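What follows is a single structure, written as structure tokens, with notes after it.
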């Protein structure tokens, strides 16, 4: 990870304590008020408008008419939000179940085809249990045509070859080239199947970013297409758990947030064919609940793993201790001129949104912690077509939060 050392940035935030994190977050579930809240920021007050009635909402996607599609934990349906109201009738048509009971994975993702107005296609990425061993699961992508409250003509266009019972994530995003970029994690912690070493194994999908055509076939210009021993759909290697992806509005490059172990959350600038290091190099350490490092594939917690190695990329910036980094979005709207070009990332354990500003050379200039006073685990972050910022709260009494200028 030596090629971007000058870009490296340490961001110090709330401390994490390994295996106690999820338990602590479940025990402390602050109630979100039903009414809009005014929250102070460095650029002035904003109004946070909650759209409630969701249970552990995961991912957001916008339809051309401005409606939102939302996924929830452990359901086999999509939810739709229109005019600030949650439609009480779920969108059905997906197989059941479409995710495990685990809350430490990235659950279910939803993505809308760039030409949705022509084809009506919606893509749902999720984990499906193995037929002969429901303890383990693999990542799949289904697509279907949205017809009212149903997905019709659904088909599976991708199934991962990597089976695990660990807390792996899957996210998917369409690029400017209309290709589908898919991230599949390999964080370890499987008791039956799943290894961190998959991230360096070119015959596994775990720990990789993939690049697919919109029908699941393989593009003829992928970086590993003609590389012996490599799956042709691979785009980059060495990814731990990508919980967010976004394309830079000026460069068109793919960026991703990588949920690290104890410390070592990363923001990476993705370039085709490169290796991002996991688990060989990381700024994080094994959790205290993993005293020998066996489950995480790292040295014991008292030992810092290597942070650089030849042929492995540095993160653009990293957070230590971890905020349990999650979704991300670049702001390009007209509602908050002071935020133009800034990067916004969610924090689960940090219960915040981190705003990252850049200088003229696109290097990190300063950062701001937002919405920590709400006490909500922020999972997804998206900009809407109306120029507002939208967040999902990973809470039992969950909500979509719309961030708008204060009146």
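Residue numbers (the working numbering): 405 to 811.
In this text, a Cβ means the ideal position worked out from N, Cα and C, and glycines have one as well.
Bear in mind that the values here come from a model prediction, so they are computed numbers and not experimental data.
Between the C-alpha atoms of residue i and residue j, what's the straight-line distance to the nearest angstrom?
i: residue 750; j: residue 484; result: 22 Å
i: residue 779; j: residue 772; result: 16 Å
i: residue 472; j: residue 648; result: 18 Å
i: residue 556; j: residue 466; result: 19 Å
i: residue 481; j: residue 564; result: 22 Å
i: residue 703; j: residue 693; result: 13 Å
i: residue 724; j: residue 663; result: 11 Å
i: residue 734; j: residue 642; result: 24 Å
i: residue 439; j: residue 453; result: 7 Å
i: residue 469; j: residue 520; result: 11 Å
i: residue 654; j: residue 744; result: 12 Å
i: residue 527; j: residue 667; result: 32 Å
i: residue 698; j: residue 592; result: 9 Å
i: residue 802; j: residue 502; result: 19 Å
i: residue 529; j: residue 576; result: 7 Å
i: residue 689; j: residue 511; result: 24 Å
i: residue 551; j: residue 523; result: 11 Å
i: residue 731; j: residue 785; result: 5 Å
i: residue 742; j: residue 783; result: 23 Å
i: residue 781; j: residue 451; result: 18 Å
i: residue 777; j: residue 461; result: 20 Å
i: residue 787; j: residue 757; result: 13 Å
i: residue 442; j: residue 810; result: 7 Å
i: residue 752; j: residue 436; result: 15 Å
i: residue 858; j: residue 567; result: Examination of residue 858 is not possible in this model, given that the chain is present from 405 through 811 alone.
i: residue 600; j: residue 789; result: 38 Å
i: residue 712; j: residue 571; result: 25 Å
Quick check on this structure: which residue in the options has the alpha carbon closest to the alpha carbon of residue i?
i: residue 542; options: 610, 578, 667 and 476; result: 610
i: residue 612; options: 443, 645, 490 and 666; result: 645
i: residue 639; options: 653, 446, 623 and 520; result: 623
i: residue 586; options: 559, 522 and 514; result: 514
i: residue 627; options: 621, 619, 620 and 636; result: 636
i: residue 595; options: 535, 700 and 604; result: 700
i: residue 490; options: 517, 511, 458 and 462; result: 458
i: residue 746; options: 462, 600, 679 and 793; result: 793
i: residue 720; options: 796, 498, 657 and 634; result: 657
i: residue 517; options: 675, 553, 696 and 546; result: 546
i: residue 588; options: 437, 562 and 580; result: 562
i: residue 539; options: 597, 486 and 442; result: 597
i: residue 716; options: 464, 681, 621 and 696; result: 681
i: residue 748; options: 659, 479 and 696; result: 659
i: residue 533; options: 691, 499, 548 and 549; result: 499
i: residue 714; options: 740, 685, 708 and 722; result: 685
i: residue 728; options: 754, 464, 582 and 549; result: 754
i: residue 808; options: 760, 765, 761 and 738; result: 738
Should residue i be labelled buried (16 or more other beta-carbon atoms within 10 Å of its own) or exposed?
i: residue 800; result: exposed
i: residue 706; result: exposed
i: residue 763; result: exposed
i: residue 736; result: exposed
i: residue 476; result: buried
i: residue 584; result: buried
i: residue 677; result: exposed
i: residue 448; result: exposed
i: residue 630; result: exposed
i: residue 710; result: exposed
i: residue 672; result: buried
i: residue 607; result: exposed
i: residue 822; result: The first residue shown for the chain is 405 and the last is 811, placing residue 822 beyond what the model contains.
i: residue 573; result: buried
i: residue 805; result: buried
i: residue 770; result: exposed
i: residue 633; result: exposed
i: residue 560; result: exposed
i: residue 669; result: buried
i: residue 621; result: exposed
i: residue 815; result: Nothing about residue 815 can be read from this structure; the chain reaches only from 405 to 811.
i: residue 428; result: Any reading at residue 428 must be qualified, since the residue scores a pLDDT of 43, below 50, and its modelled position is unreliable; no value is offered.
i: residue 696; result: exposed
Taking the beta strand (DSSP E) that residue i falls in, what are its first and last residues?
i: residue 769; result: 768-774
i: residue 458; result: 450-458
i: residue 802; result: 802-809
i: residue 734; result: 729-734
i: residue 659; result: 658-662
i: residue 764; result: Run containing residue 764: none; DSSP gives neither H nor E here.
i: residue 722; result: 721-723
i: residue 797; result: 793-797
i: residue 646; result: 646-651
i: residue 475; result: 472-476
i: residue 461; result: 461-466
i: residue 486; result: 482-486
Self-check item: beta strand (DSSP E) runs wholly inside the stretch 493-548, at least 3 long, in chain order
Solution: 513-516 and 525-534
Quiz item: Which runs of the beta strand (DSSP E), 3 residues or longer, sit entirely within the stretch 546-607?
Solution: 554-563, 574-578 and 584-588
Quiz item: In the stretch 669-718, which residue ranges form an unbroken beta strand (DSSP E) of at least 3 residues, counting only runs that do not cross its ends?
Solution: 669-674
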